[in-house]
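Asker: Be aware that the sequence shown starts at -1, since it is given in our numbering, and climbs by one per residue.
Backbone N, C-alpha and C define an ideal beta-carbon position, used for all residues, glycine too.
Computed from a prediction, not measured in an experiment: that's the story for all the values here.
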Amino acid sequence: MLLGMSTRIIYKSTNINGYLAMLIGCALTILVQSSSITTSTFTPLVGLGVIRLEQMYPLTLGANIGTTITALLAALLSTTEALQVALSHLFFNVSGIIVYYPIPLLRKVPLHAARQLGRATRIWRGFPIMYIIVMFFLLELLLLGLSALFTNGAIGLTVLGSMLTIVLFFLLLWAVYWWRWQGGKDSCYNCMVQRQKRHEVNKNLPEDMEYLKNKIIELQEHTGLIDDDVDANDVDEKFKPDIEDGSEENTADTA
């Protein structure tokens, strides 16, 4: 479907200025009223190489701004607190774009992270599931727990939260040291490769066993070997008369 001329048309039509791509992403998200629809539509095209990652980045940023417009329009007819929340959501996304996108060096940070995540997914197909569980569940619960310790008001819980924060900080430093200088990157790579190989072996095992079974049957038919399913008693009964005849002949010769 996306071959030849259609691929080139999409590639050239998206090869535009980044700020213009933001406006397009924002407009599309306002029309469909969901940034998930915009990003999930373009993400497979990036995986196929139809859209470059550098062009997908501003489209995603524009979609993040466009998704705040729906909440902002709804908040205009609601209370003042709802309007404050909607505006904070809008300015949070705008400030993030101002910090990261205009500076080329900072712009490369999320692009590099996206490429690394894509390589990890190509190595091990189960990586996205693990990433979602860790980043959107475990890490979120950990940060919410630490925030609850500091906002509870009890001195003991505040001290406990401070100690846990220090421990987590040193664990983070150790993880960076292990990843960069203790072979952690290679260890994770080998682990993902082995997991993917194990998954492929388990997935293809029934087909491989059926293939081997058919080959064995072909070899048996070609060589004339006795099938393993033949009963041993049948084999003994088949060759027993020959053995008895041979014994009688030997007895007669001896006499």
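(1) Would you say ALA19 and THR37 are within 8 Å of each other, going by their C-beta atoms?
(2) For the ligand ZN, is there any heavy atom lying closer than 7 Å to the beta carbon of GLU52?
(3) Could you tell me the alpha carbon to alpha carbon distance between ASP229 and ASP184, rounded to whole angstroms?
(4) With burial defined as no fewer than 16 other Cβ atoms inside 10 Å of the residue's Cβ, what is the status of ALA73: buried or exposed?
(5) Rounded to the nearest angstrom, what separates LEU57 and ASN202 at their Cα positions?
(6) Identify every run of the alpha helix (DSSP H) within the region 123 to 187, keeping only runs that are complete inside it and at least 4 residues long; order them along the chain.
(7) Check whether the region 5 to 13 touches the region 38 to 52, counting contact only when three or more Cβ pairs, one atom from each stretch, lie closer than 8 Å.
(8) How should PHE237 be labelled, buried or exposed, when 16 other C-beta atoms within 10 angstroms of its C-beta is the threshold for buried?
(9) When we look at the beta-carbon of ILE7 and count the other beta-carbons within 10 Å, is it buried (16 or more) or exposed?
(10) Once DSSP output is grouped into helix, strand and coil, what is the label at ILE96?
(11) Comparing alpha-carbon positions, which option in LEU88, LEU59 and LEU81 lies nearest TYR98?
(12) Smallest Cα separation from GLN31: which of LEU51, GLY16 and LEU70?
(13) Quick check on ILE14: does DSSP put it in helix, strand or coil?
(14) Specify, as a first and last residue, the run of the alpha helix (DSSP H) that SER32 falls within.
(15) For LEU109, I'd like the list of residues in its chain whose CB is within less than 8 Å of its CB, leaving aside the five on either flank, ordered along the chain.
(16) Closer than 8 Å is the cut-off here; do at least three beta carbon pairs connect the region 184 to 194 with the region 147 to 167?
(17) Ends of the alpha helix (DSSP H) at ARG117?
(18) Can you give the Cα-Cα distance for ILE131 and PHE89, rounded to whole angstroms?
Answerer: On the basis of the coordinates in this document:
(1) no
(2) You won't find the ligand ZN in this model; it holds no ligand whatsoever.
(3) Since pLDDT at ASP229 reaches only 49, below the 50 mark, its modelled position is unreliable, and the value read off the structure follows with that caveat. So the alpha carbons of these two residues sit roughly 54 Å apart.
(4) buried
(5) A direct Cα-to-Cα measurement between LEU57 and ASN202 gives close to 39 Å.
(6) DSSP runs (the alpha helix (DSSP H)) wholly in the region 123 to 187: 125 to 131, 137 to 149 and 153 to 179.
(7) yes
(8) Confidence at PHE237 is low in this model, with a pLDDT of 47, below 50, so its placement is unreliable and the value that follows should be read with caution. PHE237 should be labelled exposed.
(9) exposed
(10) helix
(11) Nearest in C-alpha terms to TYR98, of all of LEU88, LEU59 and LEU81, is LEU59.
(12) Residue nearest to GLN31 within the set LEU51, GLY16 and LEU70 is LEU70 (criterion: CA-CA distance).
(13) coil
(14) No alpha helix (DSSP H) holds SER32; DSSP gives it neither H nor E.
(15) Cβ neighbours of LEU109 beyond the five flanking positions: LEU51, GLU52 and TYR55.
(16) no
(17) 102 to 121
(18) 28 Å
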